[in-house]
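Q: Take the position in the sequence shown, starting the count at 1, then add 1; the result is the number in our numbering.
Idealized CB from N, CA, C, for every residue including glycine.
The model shown is predicted, which means the values in this text are computed figures rather than measured ones.
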Amino acid sequence: MEILFLIIMKVIFPVFLLIVVGAFLHRKYTFDMGTLSKLNNFLLMPAVCFANIYESKISGSTLLYVMSFLLLQALFLICVSISISKIYKFEYGLSATFKNSVVLVNSGNFGLPVSQLVFQHNPLGLSVQIVVLIFQNLLTYTYGLFNCVSVDKKGFQAIKVLLKNPVFYAFLLGIFLQTTSIKIPEFIWTPIENTSHAFLAIALITLGAQSAFIKIHKLSTPLVLSLLGRLVLGPCIAFVTISVLGLEGTIAQALFIASSFPTSRNSSLFALEYGNHPEYAAQAVLLTTLCSVITVTTVVYIYQT
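(1) Sort out for me which residues DSSP pairs residue 143 with in a bridge.
(2) When the Cα atoms are used, what is the spatial distance from residue 219 to residue 136?
(3) What are the partner residues of residue 264, as DSSP defines its beta bridges?
(4) Identify which residue in 107, 75, 72 has its Cα closest to the Cα of residue 205.
(5) Let me check understanding here. Comparing Cα to Cα, which of 283, 252, 263, 43 lies closest to residue 132?
(6) Within 10 Å of its beta-carbon, does residue 278 have 16 or more other beta-carbons around it, so buried, or fewer, so exposed?
(7) From 113, 3, 287, 36, pick the residue whose C-alpha is nearest to that of residue 1; which is it?
(8) Could you check what DSSP says for residue 137 in three-state terms: helix, strand or coil?
(9) Give the straight-line distance between the Cα atoms of residue 121 and residue 57, rounded to the nearest whole angstrom.
(10) Can residue 177 and residue 50 be called in contact, C-beta distance under 8 Å?
(11) For residue 223, is the classification buried or exposed, using 16 other Cβ atoms within 10 angstroms of its Cβ as the cut-off for buried?
(12) Is the number of C-beta pairs between the stretch 133-152 and the stretch 85-102 that are closer than 8 Å three or more?
(13) Please name the residue, chosen from 114, 141, 215, that lies closest to residue 128 on a Cα-to-Cα basis.
(14) Using a 10 Å radius around the Cβ and a threshold of 16 neighbouring Cβ atoms, would you call residue 186 buried or exposed?
(15) What residue from 190, 116, 102, 33 has the CA that sits closest to residue 148's CA?
(16) Report the residue from 144, 269, 45 whose alpha carbon sits nearest the alpha carbon of residue 212.
(17) With 16 other CB atoms within 10 Å as the buried threshold, where does residue 9 fall?
(18) Spatial neighbours of residue 245 within its chain, please: CB distance less than 8 Å, with the 5 preceding and 5 following residues excluded, ordered by chain position.
(19) Taking buried to mean at least 16 other C-beta atoms within 10 Å of its own C-beta, is residue 348 buried or exposed?
(20) Could you spell out the range, first to last residue, of the alpha helix (DSSP H) harbouring residue 194?
(21) Take residue 123 and list the residues in its own chain whose beta-carbon comes closer than 7 Å to its own, dropping the five residues that flank it on each side.
(22) Provide the residue span of the alpha helix (DSSP H) that contains residue 28, from first to last.
(23) For the alpha helix (DSSP H) holding residue 38, just list the boundary residues, first then last.
(24) If you follow the alpha helix (DSSP H) that residue 232 is part of, which residue opens it and which one closes it?
(25) Could you give the residue range of the alpha helix (DSSP H) that holds residue 53?
Structure below.
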């Protein structure tokens with residue numbers, strides 16, 4: 002019960018408070034959603050992606066174990082989500098958003114606080130979550146972005162659109178500077194850091210604005226499948242993958258907990274930017290975040306016992 006209360010007060014409540022603020026302000030003043038989308042995708046996302054990668058530090062052996070797990074899990078989730086979308090005959094735009102809702106995980110503003118709470122006396126657990134965050138950045142701005150772009154653009158055209166997105170280059174630049182240990186001058190780093198700090202608030206306010214006029218009269222089939230895929234199937238696949246790889250101890254525990262996190266808010270931002278059922282995408286983010294109170298608490302309890 003104590004873990005549940007702490008997760009609600011330290012993670013869930015701050016997240017939903019900003020979402021509610023965004024919904025209220027949009028209903029009162031009517032934001033320009035196109036401007037918010039461009040601000041998130043072409044300034045704030047590149048800044049937070051670059052900053053996270055540039056500042057990350059983890060040992061090579063731990064990185065190898067964690068990356069092996071993450072690659073296998075992502076591959077399983079991608080294959081399963083593609084199969085489900087074909088079985089239910091989702092059209093291209095809905096299929097892209099559904100697949101992102103299952104595969105892309107909120108490892109940043111949700112995952113990091115939870116990991117800080119659970120592994121407050123174990124630095125390795127938090128380091129694993131940093132790797133998960135970096136991997137999710139890569140997956141989000143490659144697979145997730147290409148997934149959305151390819152709805153209207155096929156083949157080489159989709160790749161051209163992907164290569165025009167600044168997040169892709171922010172990621173590559175972050176990797177280059179981090180691996181070469183090149184120091185960024187403070188007068189350049191300070192505005193980058195300040196911009197990255199703004200991402201959380203603006204992204205959640207944007208999600209709130211997207212959700213301001215949403216009316217959920219009943220749970221649609223795609224929404225139910227997103228909930229089950231992200232919050233139930235994700236941890237189940239993680240458990241099997243951990244067993245197959247023979248992972249143990251803190252690494253296994255941290256990865257199992259990370260698998261229970263809700264849908265990434267970036268999936269909602271991509272859906273808004275490229276017009277792939279943004280209302281459904283916002284519903285998936287909101288409901289998986291709300292329901293993750295149960296799943297994350299359950300997984301954390303299993304880990305502690």
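A: Judging by the given coordinates:
(1) For the purposes of this step, residue 143 is taken as the residue at position 142 of the sequence shown. According to DSSP, which records beta bridges pairwise, residue 143 is partnered with nothing at all.
(2) Counting from 1 along the sequence shown, the entry for residue 219 is found at position 218. Counting from 1 along the sequence shown, the entry for residue 136 is found at position 135. Taking the straight line joining both Cα atoms gives about 34 Å.
(3) Locating residue 264 in the sequence shown gives position 263, counting from the first residue. Paired residues: 106.
(4) Numbered from its first residue, the sequence shown carries residue 205 at position 204. Closest option to residue 205, Cα to Cα, is 107.
(5) For this step, residue 132 is matched to residue 131 along the sequence shown. If we check each option's Cα against that of residue 132, 252 comes out closest.
(6) Along the sequence shown, one-based indexing puts residue 278 at 277. Buried, because 16 or more other Cβ atoms sit within 10 Å of the Cβ of residue 278.
(7) Nothing can be reported for residue 1: it is not among the residues displayed for the chain, which extend from 2 to 306.
(8) As a first step, residue 137 must be located in the sequence shown, where it is residue number 136. Three-state result, residue 137: helix.
(9) Here the question's residue 121 lines up with position 120 in the sequence shown. Here the question's residue 57 lines up with position 56 in the sequence shown. If you take the alpha carbons of residue 121 and residue 57, they lie about 18 Å apart.
(10) On the sequence shown, residue 177 is found 176 positions in, with the first residue counted as 1. On the sequence shown, residue 50 is found 49 positions in, with the first residue counted as 1. No, the Cβ-Cβ distance between residue 177 and residue 50 is not below 8 Å.
(11) Position 222 of the sequence shown, counted from the start, is the residue given in the question as residue 223. Buried, by the Cβ-count rule.
(12) yes
(13) Reading the sequence shown from its first residue, position 127 is the one you call residue 128. Of 114, 141, 215, the residue nearest in Cα terms is 114.
(14) For the purposes of this step, residue 186 is taken as residue 185 along the sequence shown, with counting starting at 1. Exposed.
(15) In the sequence shown, the residue the question calls residue 148 occupies position 147. Of the candidates 190, 116, 102, 33, the one whose C-alpha sits nearest the C-alpha of residue 148 is 102.
(16) For the purposes of this step, residue 212 is taken as residue 211 along the sequence shown, with counting starting at 1. When only C-alpha atoms are compared, the closest one is 269.
(17) Working through the sequence shown from its first residue, we reach residue 9 at position 8. Under this definition residue 9 is an exposed residue.
(18) As a position in the sequence shown, residue 245 is number 244, starting the count at 1. Cβ within range, chain order: 73.
(19) Nothing about residue 348 can be read from this structure; the chain reaches only from 2 to 306.
(20) On the sequence shown, position 193 is the one that residue 194 refers to. Element bounds for residue 194: 187-212.
(21) As a working note, residue 123 is residue 122 in the sequence shown. Closer than 7 Å at the Cβ level, and outside the excluded window around residue 123, lie 251.
(22) As a first step, residue 28 is located in the sequence shown; it is residue number 27 there, counting from the start. 14-30 is the span of the alpha helix (DSSP H), which, as asked, contains residue 28.
(23) Here residue 38 corresponds to residue number 37 of the sequence shown, with the count starting at 1. Per DSSP, residue 38 belongs to the alpha helix (DSSP H) from 34-40.
(24) Counting from 1 along the sequence shown, the entry for residue 232 is found at position 231. No alpha helix (DSSP H) holds residue 232; DSSP gives it neither H nor E.
(25) Indexing the sequence shown from 1 puts residue 53 at position 52. Element bounds for residue 53: 46-56.
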